[in-house]
Amino acid sequence: MILHLHDNSFSGHLPLNVGNLAMKDNIDISANKLSGELPASLPKLQMLEYLNLSLNTFDGHIPEQLDHMLNLDTIDLSHNKISGEIPKSLEKLQHIQVLDLSFNLLEGEIPRGGKFANLSAELFLGNHAICGALKFHVPLCLDKTERQSKSNAARVIAACAIGGSALLVIVCTLIGISWYRKRELSKRPDDIERLPGITLSVISYRELLHATSNFSDANFLGSGNFGSVYKGILTDGTTVAVKIINLLFEGASKSFDIECTVMCQIRHRNLTKLIMSCSSRDFKAL
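Per UniProt numbering, residue 1 is the first one in the sequence shown, and the count goes up by one each step.
What follows is the structure in C-alpha cells.
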C-alpha cells in the first residue's frame with residue numbers, strides 16, 4: 001500500500017498509532033505543516049521501503065528503533081527541527097541508499113559503520129553541531145582518539161608540525177601586541193628572517209584527499225588543540241605535513257587567517273615551512 005499526502009497544508013501531529021497502518025511500500029507526507037515528535041510506533045512499519053517526512057516542522061529525536069525497518073532504502077527527514085544525535089543503530093539498515101538528515105538541529109558524531117560509509121556529505125548539510133569523518137565536510141569530533149605514528153619518519157614530521165604550531169602561537173601573540181600597541185617587536189636578526197612579497201600557493205580539497213589517501217588512519221600523525229596532522233605525498237613526490245584546522249574551536253577561522261599571514265612572512269629554524277593552503281567555509285588546512 002502507498003500513502004501519498006505530500007504538498008498539502010496538513011497541520012498537527014502524526015497519529016500516535018501510525019505504526020499500525022498496513023503499509024508495505026511507501027509513505028510520503030512531505031511539504032506540509034506537520035509538527036511534533038516522530039511517533040514511537042513508527043518503527044512498527046517494518047515492511048516499509050520509502051519514508052519521506054521532509055519539509056515539515058517535526059522536532060524531538062530520531063527514534064532509536066528505526067533500525068527495525070529493515071526494508072527501508074530511503075529515509076528523508078530533511079528540513080525539519082529534529083535534534084539530538086544520529087542513532088548509531090541506523091548502521092544496521094543494510095538496504096538504505098538515501099538517508100537525508102540535512103537542515104535539522106542534529107548534533108554529535110555521524111556514525112561510521114554500515115551504509116554510512118557510502119553516504120554523501122550533502123545528506124548532512126545544515127546541521128551545525130555535528131562532527132565526524134572529513135569526507136562529510138564537517139569538523140572532526142572533539143573526542144577523537146589520538147593514535148601514534150607507525151614509523152619513525154612519521155613521528156619526526158608530527159613533532160615538527162605540532163611543535164612548530166606551538167611556537168607559531170607565541171610568535172602570533174607577540175606580533176599581535178606589536179600591531180595593536182604600534183611598537184616594534186624585538187627579534188634577533190639571525191633567529192627570524194622576514195620574507196616580504198611571498199605568495200602562498202593554493203591546493204584543492206580533492207588534491208589533499210589524494211595526497212593523504214582520503215585522510216587515512218595510516219597517515220594520521222597526531223593532533224593538538226586546533227586540529228589534526230596527516231602525512232601527505234603531493235603529485236610531484238614532495239612529502240608534506242597537512243594540518244587540518246578544527247573549526248569547532250571558537251576563533252579557529254581567525255587563527256587560520258593569522259597563521260597563513262605570519263607563516264608567509266617569517267622563517268625560523270624550528271618552524272615547518274608553509275607552502276600551500278586550502279580554505280573554504282567548512283574546511284581549512286595548511
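Just so you know, even glycine gets a beta-carbon here, dropped at the ideal spot from N, CA and C. Since the model is a prediction, treat every value here as computed from it, not as a measurement.
(request) Take the Cβ of P15 as the centre, count every other Cβ of all protein chains shown within 10 Å, and call the residue buried at 16 or more, exposed below. (result) Exposed, because fewer than 16 other Cβ atoms sit within 10 Å of the Cβ of P15.
(message) Please report the distance separating the alpha-carbon of Y50 from that of L90.
(response) C-alpha separation (whole angstroms): 15 Å.
(request) Return the first residue and the last residue of the alpha helix (DSSP H) that H13 is part of. (result) Counting along the chain, H13 falls outside any alpha helix (DSSP H), though it belongs to the beta strand (DSSP E) covering 11-13.
(request) Compute the Euclidean distance between the alpha carbons of T239 and G84, then round it to the nearest angstrom. (result) In this model, T239 and G84 are separated by some 41 Å (Cα to Cα).
(message) As an exercise, report each continuous alpha helix (DSSP H) stretch of at least 4 residues that is fully enclosed by the UniProt domain "Protein kinase" (215-286), in chain order.
(response) Within the UniProt domain "Protein kinase" (215-286), the complete alpha helix (DSSP H) runs of at least 4 residues are 252-265.
(request) Let me know the alpha helix (DSSP H) ranges lying completely inside the segment 14-74, each 4 residues or longer, listed in chain order. (result) Within the segment 14-74, no complete alpha helix (DSSP H) segment of 4 residues or longer occurs.
(request) Note down the Cα distance separating N80 from N56, rounded to an integer number of angstroms. (result) About 5 Å.
(message) Please report the distance separating the alpha-carbon of A252 from that of K135.
(response) If I take the Cα positions, the gap works out to 20 Å.
(request) Could you tell me if the beta carbon of A166 falls within a distance shorter than 7 Å of some heavy atom in the ligand FAD? (result) The ligand FAD is not among the ligands present in this structure, which contains no ligands whatsoever.
(request) Tell me whether the beta-carbon of G224 lies closer than 8 Å to the beta-carbon of S165. (result) Cβ distance < 8 Å, so G224 and S165 count as in contact.
(message) Tell me which residues share the same chain as S102 and place their Cβ nearer than 8 Å to its Cβ, disregarding the 5 neighbours each side in the sequence.
(response) Excluding residues up to 5 positions away in sequence, S78, H79, E122, L123, F124, L125, G126, N127 lie with their Cβ nearer than 8 Å to the Cβ of S102 in the same chain.
(request) Counting only the same chain and skipping the five closest in sequence on each side, list residues whose C-beta sits under 8 Å from that of A129. (result) Taken in chain order, the residues that qualify are L105, L106, E107, G108.
(message) Rounding to the nearest angstrom, what Cα-Cα distance links V202 and I245 in this structure?
(response) C-alpha separation (whole angstroms): 16 Å.
(request) Have a look at L274 and A241 and give me their C-alpha separation to the nearest angstrom. (result) Just so you know, the alpha carbons of L274 and A241 end up roughly 10 Å apart.
(request) Quick one: using the 10 Å Cβ neighbour count with 16 as the cut-off for buried, is S120 buried or exposed? (result) Exposed, by the Cβ-count rule.
(request) Quick one: residues in its chain with C-beta nearer than 6 Å to the C-beta of V138, no 5 flanking neighbours on either side, listed in chain order? (result) In the same chain as V138, and ignoring 5 residues on each side of it, the C-beta atoms closer than 6 Å to its own belong to I130, C131, G132, in chain order.
(request) Out of I62, G222, L21, state which residue places its alpha-carbon closest to the alpha-carbon of residue 325. (result) Here the chain has residues from 1 to 286 only, and residue 325 is not among them.
(message) Can you tell me whether V169 is helix, strand or coil according to DSSP?
(response) Three-state DSSP puts V169 in a helix.
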